[in-house]
Each structure stands twice: as structure tokens, then as C-alpha cells.
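As numbered in the working numbering, residues 864 to 1293 make up the sequence shown, in order. Just so it is clear, CB atoms sit at the ideal spot from N, CA and C, and this is done for glycine as well. All figures in this text were calculated on a predicted structure; none of them were measured in a lab.
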Amino acid sequence: MGKIYKALIISSKNEKSLKIFNPGYLVISKKGIIEEVSEKDLRKKYKNHCFHDFSNYLICPGFVDVHNHLPQYVFVGIGEKALLPWLEKYTFPREQKFEKKEIASLSAKLFFNDLTKNGTTTSLTYVTVHKAATDIAFECAKKSKIRAIIGKVMMDQYSPKLLAERTEASLADSVELIDKWHGYNDRLFYAFTPRFAITCSWKLMRGIGKIAAKKNVYIQTHLSENIEEINVTKKLFPKCKSYTDIYYQAGILGPKTILAHCIYLDQKEVKLIKKTESNIAHCPTSNRFLMNGIMPFRKFREENLSIGLGTDVAGGYSLSMFNEMKEAIENSKSLCLFSRGRIGQTMTIAEAFYLATLGGAEVLSMKDSIGSLEKGKRADFLIIDHKQIDPMHGKGDYQEPEQILSRLIYRGDRSIIKDVFIDGEKVNRE
Ligand SMILES: [Zn+2]
């Protein structure tokens, strides 16, 4: 049976503005597709639909997290003031443990459950170099009902002994996973996942580029995150003009490529990203937590680059996209303050919300099906008890929808998310 939900509905219109229905009616077919959104009372028009009155609640699209690491969740919140020592101290030893299926299974179950608890309905996720652990991650994602793009990490040079792969085996394992999972139920997809240039040979990256084009799968990697990392990378690839040029020459840039961080790009690198229609995962929490830097959001926005938000757990300390939106705005303010920029250059509330929803969908080539609440799209949405974080519980002033959204970003967390829906179906969160 179809359903109608009545609530304050907030969704993105474009990167600058919101679409607000106060209150609105969200009509969903039994197949989980949005049939109509309107301020008009649609109960008579859809009289066979079941009506749910959430007048005291807010409905918004589910969040899209375009960069995170499943195995790292266990040490979330534990930082180090530099990326490379952090990888050595925490990340690599932890990822080695994913050889054991029990650890991989427990971790994946917990991770996807907590993602949906935080209102994330679509996720782009790294696992480890292990084929079995990645297969388990897909199984757990399938059970959790989340929409996810998942990839087995690839690293065949300058890697810790226990994680280093043989090039051919790394490619063959990935292909096996692609054939099994890419497109599963139209909800699970595969991303080739070369960790970053340092740990990937030319042969590996070229192989990825060729197969990805043939199989139409995603590619996710890290780019220009940290000064020390950039220096090591340049030494390893002396013939390339820049860090971005390595990926360009290897043939792994394109509309289905998602590059995390992109903090220190020069103008030529920005042009390469634009020319290849590659996408950026902006990870402001992680960028500051690991003291990497601040990505110049406004500059990239003016270049019309495609940008979404990534929690980068555990480089970032939280799976919450409320937190990620807040950090994105606060990071942009810091950059503005220290560069004596104009206030107008800081990220707005509407822009942060766009990045966490429709912008993320654009980054994942899913803009036509998710990211906003519009006719014909899949019904991925959240019911939020926003009055909980209002000191006056909705009875005082400051009840304009834009003010409510600002309060959500600055004061919201997973405790105010009442229900999560993916394809119109309520997700069970333990
Ligand atoms: Zn990362």
C-alpha cells in the first residue's frame, strides 16, 4: 500500500537554495518511489494510501556520506597530529586483523548499523585489502538495507608486509567482487579502491582504469591530503607534473571517480579534475582532526566542481553528517578568517545541507534517483524530532524553516532521528 507523510519537509533545490513545504505531504508508492510532494492536502487524491501524521516532525532526504573506512570505526576519535604516523600506528595494524572473518563480520555489522542510526542512507566505503572481508561487508550492507558503494583496498608497493598485495591478484580479486556485487538489487555497487598513489604501482592503476571503464564501476582514492604525503608522492612519481597528474596519466580520473580531501591542489590540478569530470569528497572533520589543512570550498564551488561530504571515519571522529555539515561551515569560516577573506565566501547553511544530500548524490552519479525529495525519486528519507533540540520545544520564536535547519546542523545528533527510510521501507536499527 502507498503512504502519505505529513510533516515540515526540507529538501535541496540546488546548491544554493532549499525547497520547503511547511507543512507538506510526501506521497510514496508501494514500490518506494516518491509520487508527489506538495503543500496541498493530498489525502483525497490518494485515498487508498495510508496516512501518517508527523506534523510535529521534520522530514528531509537521507544523508549521503561519500567517504569512510569501515575497519577504522573501532578506533574512531583517536587522533594523531600527522597522517602518515597515524596510518602506521592505528590504521595498518587494525586492517591486518581483517584477515579473520569473525572480526570482519562483527565490524561490518556494527558499522552499517551505526551509519543508518546516524541517518546515512547512502555510503561510499573502503574495506581492507582482504577479498573475504570485503565480501562480508557487502553481505552485511545487504542485510542492513543501506544503499552502498563498497571497495576492497588495493596496495601493491611501499605497503606494510602483511597488507602488500601482488598486482595481478589485487585486480583479479576486485573483478571477482565486481561480478558478484556490482548492481546487486540496484542498491549495492562496487568501487575500485586504490588507497593512494604511494601504495599503488603504475601497473595496478592502469589496470584499474581499463577494467573500471569496461565494467562501468566506481573508483575511489585519496588525493592531496597532507603536505608530507604530497612530498613522498612526488618523489615516487618524478615524471608526473603533479599528484593529480599521476592519476590522470594512469587513466583513473573520470565521472565515476571520487577523490577524497583535495586540500592542496594547484590551478592545473583543478583543471584536470574539471576536464575529467571527477568528483571531490570534502572531509572537513578529518582534515582538521589530523591537522591536514582546510580545503578551499568556495574556490572549488566557483569552478563548478562536483563536491559531496565524507566523514572519513576514522580520520574523522564522527559518523554523523550533522557534525560533518557543521565542521564544513566552521572550516570555511576559519579559512576566511585567516585569509582575511570576505564573510560572503563562507559556506551557507543551504550549501552544507546540499553537500550532505543532493551534492553527495551528484558525486555518486545518483542525482536522478536520490538526494532530494522529488517526484520520481527513490524515497530515502529521515523523520526527525527537531523540537528536542529547541530549548522552547517548538513553542517559542525562531521557527522559520531555515532557522530550524541551522539548529539541526549545529545541535543535531543521531538521538533526534526517529526513523530512517530507504526505498520507502523503514530501516530496522538495533
Ligand atoms: Zn580516507
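Worksheet item: Tell me the DSSP bridge mates of P924?
Response: For the purposes of this step, residue 924 is taken as residue 61 along the sequence shown, with counting starting at 1. In the DSSP output, where bridge partners are listed per residue, P924 has F1244.
Worksheet item: If you run the structure through DSSP and keep just helix, strand and coil, what is S1169?
Response: What you label residue 1169 is simply residue 306 of the sequence shown in a count that begins at 1. Three-state result, S1169: strand.
Discussion item. Can you check which of these residues, A1011, G982, K908, is closest to T988 by C-alpha distance?
Written reply: By one-based count along the sequence shown, residue 988 stands at place 125. Of A1011, G982, K908, the residue nearest in Cα terms is A1011.
Worksheet item: Is D928 near ligand 1, going by C-beta to nearest heavy atom under 7 Å?
Response: For the purposes of this step, residue 928 is identified with residue 65 of the sequence shown, where counting begins at 1. The answer is no for D928.
Item to complete: Output the distance between the C-alpha atoms of V1176 and G940, rounded to the nearest integer angstrom.
Response: As a working mapping, residue 1176 is identified with position 313 in the sequence shown. As a working mapping, residue 940 is identified with position 77 in the sequence shown. Those two C-alpha atoms are separated by around 9 Å.
Worksheet item: When the Cα atoms are used, what is the spatial distance from I896 to I922?
Response: Along the sequence shown, read from residue 1 onward, the residue named residue 896 stands at position 33. Along the sequence shown, read from residue 1 onward, the residue named residue 922 stands at position 59. If you take the alpha carbons of I896 and I922, they lie about 16 Å apart.
Discussion item. Among the candidates I872, E1140, S1064, D1042, whose CA atom is the shortest distance from the CA of M1018?
Written reply: For this step, residue 1018 is matched to residue 155 along the sequence shown. The residue with the shortest Cα to Cα distance from M1018 is S1064.
Worksheet item: I1267 bridges to which residues according to DSSP?
Response: Position 404 of the sequence shown holds residue 1267. DSSP output for I1267 lists no bridge partner at all.
Discussion item. Quick check: the Cα distance between G865 and D904, rounded to an integer number of angstroms?
Written reply: Counting from 1 along the sequence shown, the entry for residue 865 is found at position 2. Counting from 1 along the sequence shown, the entry for residue 904 is found at position 41. Approximately 16 Å between the Cα atoms of the pair.
Item to complete: Can you check DSSP and say which residues form a bridge with A1054?
Response: If you number the sequence shown from 1, residue 1054 lands on position 191. In the DSSP output, where bridge partners are listed per residue, A1054 has Y1081.
Worksheet item: In three-state DSSP terms, what is K1196?
Response: On the sequence shown, position 333 is the one that residue 1196 refers to. Correct three-state label for K1196: helix.
Practice prompt. Please determine if the segment 941 to 951 and the segment 1080 to 1094 are in contact, where contact requires at least 3 C-beta pairs separated by less than 8 Å.
Written response: yes
Worksheet item: G909 by DSSP, collapsed to three states: which one?
Response: As a working note, residue 909 is residue 46 in the sequence shown. For the sequence presented, residue 909 should be read as Tyr rather than Gly. In this structure, Y909 counts as coil in the three-state DSSP scheme.
Worksheet item: Relative to ligand 1, is the shortest distance from any of its heavy atoms to the C-beta of A1123 smaller than 7 Å?
Response: By 1-based counting over the sequence shown, the position of residue 1123 is 260. Checking every heavy atom of ligand 1 against the Cβ of A1123, one is found closer than 7 Å.
Discussion item. Rounded to the nearest angstrom, what separates S1149 and G1222 at their Cα positions?
Written reply: Mapped onto the sequence shown, residue 1149 falls at position 286. Mapped onto the sequence shown, residue 1222 falls at position 359. Taking the straight line joining both Cα atoms gives about 19 Å.
Item to complete: Check whether the Cβ atoms of Y888 and K869 sit closer than 8 Å, and answer yes or no.
Response: As a first step, residue 888 must be located in the sequence shown, where it is residue number 25. As a first step, residue 869 must be located in the sequence shown, where it is residue number 6. Contact flag set, yes.
Worksheet item: Cβ of H932 within 7 Å of any heavy atom in ligand 1?
Response: As a working mapping, residue 932 is identified with position 69 in the sequence shown. Result yes, Cβ under 7 Å from ligand 1.
Discussion item. Would you say the beta carbon of H1145 is closer than 7 Å to some non-hydrogen atom of ligand 1?
Written reply: Your numbering for residue 1145 matches position 282 in the sequence shown. No, ligand 1 has no heavy atom inside 7 Å of this Cβ.
Practice prompt. Answer with buried or exposed for D1231, where buried requires no fewer than 16 other C-beta atoms within 10 angstroms of its C-beta.
Written response: Here residue 1231 corresponds to residue number 368 of the sequence shown, with the count starting at 1. Its Cβ having fewer than 16 others within 10 Å, D1231 is exposed.
Fill in: 8 Å contact criterion, which S875 and Y1110 should meet: CB distance rounded
Within the sequence shown, numbered from 1, the residue matching residue 875 stands at position 12. Within the sequence shown, numbered from 1, the residue matching residue 1110 stands at position 247. Going by Cβ atoms, the distance from S875 to Y1110 rounds to 29 Å, so no, they are not a contact pair.
Fill in: the segment 1171 to 1188 touching the segment 1140 to 1147, judged by at least three CB pairs closer than 8 Å
yes
Item to complete: Taking I1109 as part of the alpha helix (DSSP H), name the residues at either end of that continuous run.
Response: Along the sequence shown, one-based indexing puts residue 1109 at 246. Residues 1106 to 1113.
Discussion item. Tell me which residues share the same chain as S968 and place their Cβ nearer than 6 Å to its Cβ, disregarding the 5 neighbours each side in the sequence.
Written reply: Taking the first residue of the sequence shown as 1, we reach residue 968 at position 105. Excluding residues within five positions, the ones whose Cβ falls inside 6 Å are I999.
Worksheet item: To the nearest whole angstrom, what separates the beta carbons of A995 and K964, a pair I think is in contact under 8 Å?
Response: The residue given as residue 995 occupies position 132 in the sequence shown. The residue given as residue 964 occupies position 101 in the sequence shown. Indeed, because the Cβ distance is near 6 Å, the residues count as touching under 8 Å.
Item to complete: Could you tell me the distance, in whole angstroms, from the CA atom of E899 to the CA atom of I873?
Response: Start at 1 with the first residue of the sequence shown, and residue 899 comes out as number 36. Start at 1 with the first residue of the sequence shown, and residue 873 comes out as number 10. Their backbone Cα atoms lie some 14 Å apart in a straight line.
Discussion item. Three or more C-beta pairs under 8 Å: does that hold for the segment 1108 to 1127 against the segment 1224 to 1239?
Written reply: yes
Item to complete: Note down the Cα distance separating S901 from F1284, rounded to an integer number of angstroms.
Response: For the purposes of this step, residue 901 is taken as the residue at position 38 of the sequence shown. For the purposes of this step, residue 1284 is taken as the residue at position 421 of the sequence shown. Using only the alpha carbons, I get a separation of about 19 Å.
Worksheet entry | Helix, strand or coil at G1014 according to DSSP, with G and I counted as helix | Position 151 of the sequence shown, counting from 1, holds the residue named residue 1014. Reduced to three states, the DSSP call for G1014 is strand.
Practice prompt. Indicate the three-state DSSP secondary structure (helix, strand or coil) for V890 in the structure shown.
Written response: Your numbering for residue 890 matches position 27 in the sequence shown. In the structure shown, V890 sits in a strand (DSSP, three-state: E or B).
Fill in: Burial state of Y1127 (16 or more Cβ within 10 Å)
Here residue 1127 refers to the residue found at position 264 of the sequence shown. That one is buried.
Fill in: Supposed contact pair T1107 and L1086 - C-beta distance, whole angstroms, cut 8 Å
Locating residue 1086 in the sequence shown gives position 223, where the first residue counts as 1. Locating residue 1107 in the sequence shown gives position 244, where the first residue counts as 1. About 6 Å separates the two Cβ atoms, so the contact holds.
Worksheet entry | Nearest to P886 (by Cα), restricted to the options Q1083, K1162, N919 | As a first step, residue 886 is located in the sequence shown; it is residue number 23 there, counting from the start. Nearest option by C-alpha distance: N919.
Item to complete: Reducing DSSP to helix, strand and coil, say where N885 ends up.
Response: One-based indexing of the sequence shown puts residue 885 at position 22. The answer is strand: DSSP assigns N885 an E or B state.
Worksheet item: At which residue ranges does the segment 951 to 979 contain complete alpha helix (DSSP H) runs of 4 or more residues, listed in the order of the chain?
Response: 955 to 959
Discussion item. Can you tell me whether F1216 is helix, strand or coil according to DSSP?
Written reply: Here residue 1216 corresponds to residue number 353 of the sequence shown, with the count starting at 1. Residue state, collapsed to three classes: helix.
Item to complete: Over the uninterrupted alpha helix (DSSP H) stretch that includes F1152, give me the two end residues.
Response: Taking the first residue of the sequence shown as 1, we reach residue 1152 at position 289. Per DSSP, F1152 belongs to the alpha helix (DSSP H) from 1147 to 1152.
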